[in-house]
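Per our numbering, the very first residue in the sequence shown carries number 101; after that it's consecutive. All C-beta atoms, glycine included, are put in the ideal place defined by N, C-alpha and C. Remember, predicted model here, so these are calculated numbers, not experimental data. Let me begin by presenting the structure, written as structure tokens, before commenting on it.
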Amino acid sequence: MRRAAIRRSFVARAAASMTILALPLCSATATATANPPPIQAATTTAFQVPVRYVAGCRSNLFMCFSPPPLTTVTPTATPGEPGAVTFAAEHPTSTWVGIFSCLDVSVNWRNLTTGAVGTMILRQTADYTRPAPEDRCQYTPATAVTGSGTIAAIAAIGEALRPDLYQILVNPGLGTFPVP
């Protein structure tokens, strides 16, 4: 019986000693300064799923006798000022620019945090100073005030401009990204 009492007394003294030693360490009066939040550089996010479509013609042109190529456009989103994002797109791949020009890209976005919605159109800009025809189709960037939060965006192609052309959207583009 005596051994149990000694053991309990020893454990109690050890716990009391640790508490007394820990008090000065825990209650240090050193002033801690918080590091300022890092300034995030504008990072461009490519849409995780690019826009893919087929565009061709319904007339008797020689080029209309072959199947049109599958065209891919990858929109991007770059957060700028707080609550704003700039949508852009690189030139499409495998397009028949000489005959069909390039198609506008519409971006429908929704702020998942606030519920705000909007639509931006990336207009085609023909740049004939570039040597290769596939590099001539460029898009004008468009800035949207989305508000801060997580943005989900869906991109698709615009309407056919002439009645002798057709276009088939294979899959719309999809992207999610944060906006400070």
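- Separation of His-191 and Ala-242 (C-alpha to C-alpha, rounded to the nearest whole angstrom) is 15 angstroms.
- Sequence-distant partners of Asn-208 (beyond 5 residues in either direction) whose C-beta falls short of 6 angstroms from its own C-beta, in its chain, are Thr-219 and Ile-254.
- The beta carbon of Pro-168 sits closer than 7 angstroms to those of Val-154, Ala-155, Gly-156 and Trp-196, all from its chain and outside the five residues before and after it, given in chain order.
- In the three-state DSSP reduction, Cys-157 falls in the strand class (E or B).
- Straight through space, the alpha carbons of Ala-216 and Thr-144 are spaced by roughly 21 angstroms.
- Relative to Ala-184, the option among Val-245, Ile-251 and Thr-213 whose CA is nearest is Val-245.
- In this structure, Thr-225 and Tyr-239 form a Cβ contact; the two beta carbons are roughly 7 angstroms apart against a cut-off of 8 angstroms.
- Beta-bridge annotation (DSSP): Gln-267 is paired with Ala-155.
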